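Chemist: Quick one: this structure, given as structure tokens, is what I'll be asking you about.
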Amino acid sequence: MSKKFVLMDHDGAVDDYLSVVLLMSMQEVETLGVIVTPADCYIQPAVSATRKILDLMGCSDVPVAASTVCGLNPFPVLFRRDSFAVDRLPILNEKGTIDTPLISEPGQNFMVRVLQAAPEPVTLIVTGPLTTVAQALDIAPEIESKIQEIVWMGGALNVPGNVSKDLEPGQDMSAEWNAYWDPESDRQNLANSNFDCPLSFRYHQ
Ligand SMILES: [Ca+2]
3 MSKKFVLMDH DGAVDDYLSV VLLMSMQEVE TLGVIVTPAD CYIQPAVSAT
53 RKILDLMGCS DVPVAASTVC GLNPFPVLFR RDSFAVDRLP ILNEKGTIDT
103 PLISEPGQNF MVRVLQAAPE PVTLIVTGPL TTVAQALDIA PEIESKIQEI
153 VWMGGALNVP GNVSKDLEPG QDMSAEWNAY WDPESDRQNL ANSNFDCPLS
203 FRYHQ
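In structure tokens form, the structure reads like this:
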């Protein structure tokens, strides 16, 4: 069976690193790269931790790139500082060096280049805001044909959101952070593209 091509775009929170570990353990997937979007993290430790995790998983052939996009509503510092703690975990620092390559171009440009070069359409796994995807589509709209599907962990349909009013005054708990960080990019991705947007996810009440 041929492997499924995947490009991951995460935003550096604890669950994002666990998603990287899970993805690297999937034999049926070939991961073409990991992009870090500077949302629920500080970008330097988040990129560093991602590369160290790929080393630890024996996947140092998977390149990492740092996106340079910006969001309208920054994640709280309280959340973002976890990226420093993860980067300093002893298990990630025993080796003392990092082999996983860091791509010099911005993550959004890397996404364009990977999709253009891919031999067949690629699944994008996005566990942060959709902003890097939106910018990549702005740079090169033709890459839409190289995207098999976007699997996005974002938004809240039939459940409460997680943007609380104690952190964001005026919120009513309907917003979800990955969507709230950059709502315009969400609109652009969901409304201006030809992607199907299945709304039939299973959820727990
Ligand atoms: Ca995330």
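In short: position in the sequence shown from 1, add 2, done, that's this note's numbering.
Built from N, CA and C at the ideal position, the CB exists for glycine as well.
Quick caveat, the model's predicted, so the values are computed rather than measured.
1. What is the DSSP secondary structure of Q137, reduced to helix, strand or coil?
2. Contact criterion: CB-CB distance below 7 Å. Does E96 meet it with respect to chain C?
3. For V31, I'd like the list of residues in its chain whose CB is within less than 7 Å of its CB, leaving aside the five on either flank, ordered along the chain.
4. The beta strand (DSSP E) with L126 in it runs from where to where?
5. What runs of the beta strand (DSSP E), each 3 residues or longer, lie entirely inside the stretch 17-67?
6. Less than 8 Å between the CB atoms is what I'm expecting for D17 and G130, so what's the real figure, rounded?
7. Measuring straight from C-alpha to C-alpha, what distance separates V23 and T52?
8. May I have the straight-line CA-CA distance separating S50 from S21, to the nearest angstrom?
9. Among I149, W179 and P47, whose alpha-carbon lies nearest the alpha-carbon of L91?
10. Can you give the Cα-Cα distance for D63 and F112, rounded to whole angstroms?
11. Excluding five sequence neighbours on each side, which residues of the same chain lie with their C-beta closer than 8 Å to the C-beta of E107?
12. In the DSSP output, what is K6 paired with across the bridge?
13. What is the DSSP secondary structure of Q190, counted as helix, strand or coil?
14. Tell whether a beta-carbon distance below 7 Å holds between I37 and S69.
15. I think A193 touches S176, with their Cβ atoms under 8 Å apart; what is that distance to the nearest whole Å?
16. Please state if the CB of A136 and the CB of Q173 are separated by a distance shorter than 7 Å.
17. Just to check, is the beta-carbon of Y129 closer than 6 Å to a non-hydrogen atom of ligand 1?
Modeler: For this structure:
1. The answer is helix: DSSP assigns Q137 an H, G or I state.
2. As a matter of chain content, chain C is missing from the structure shown, which is built from one protein chain.
3. Same-chain partners within the cutoff: K5, K6, V8 and L25.
4. Per DSSP, L126 belongs to the beta strand (DSSP E) from V124 to V128.
5. Those beta strand (DSSP E) runs which fall completely within the stretch 17-67 and span 3+ residues are 31-38.
6. About 10 Å separates the beta carbons of D17 and G130, which is beyond the 8 Å limit, so they are not a contact pair.
7. Going from the Cα of V23 to the Cα of T52 covers about 10 Å.
8. Our two residues, S50 and S21, have alpha carbons roughly 16 Å apart in a direct line.
9. Of I149, W179 and P47, the residue nearest in Cα terms is P47.
10. Rounded to the nearest angstrom, the two C-alpha atoms are 15 Å apart.
11. Here the set comprises A67 and R115.
12. Residue pairing of K6 in beta bridges, as defined by DSSP: V31.
13. In the displayed model, Q190 falls within a helix according to three-state DSSP.
14. In contact: I37 and S69 (Cβ atoms closer than 7 Å).
15. A193 to S176, Cβ: 19 Å. No contact.
16. No.
17. Looking at the sequence shown, residue 129 is not Tyr but Thr. True, at least one ligand heavy atom lies under 6 Å from that Cβ.
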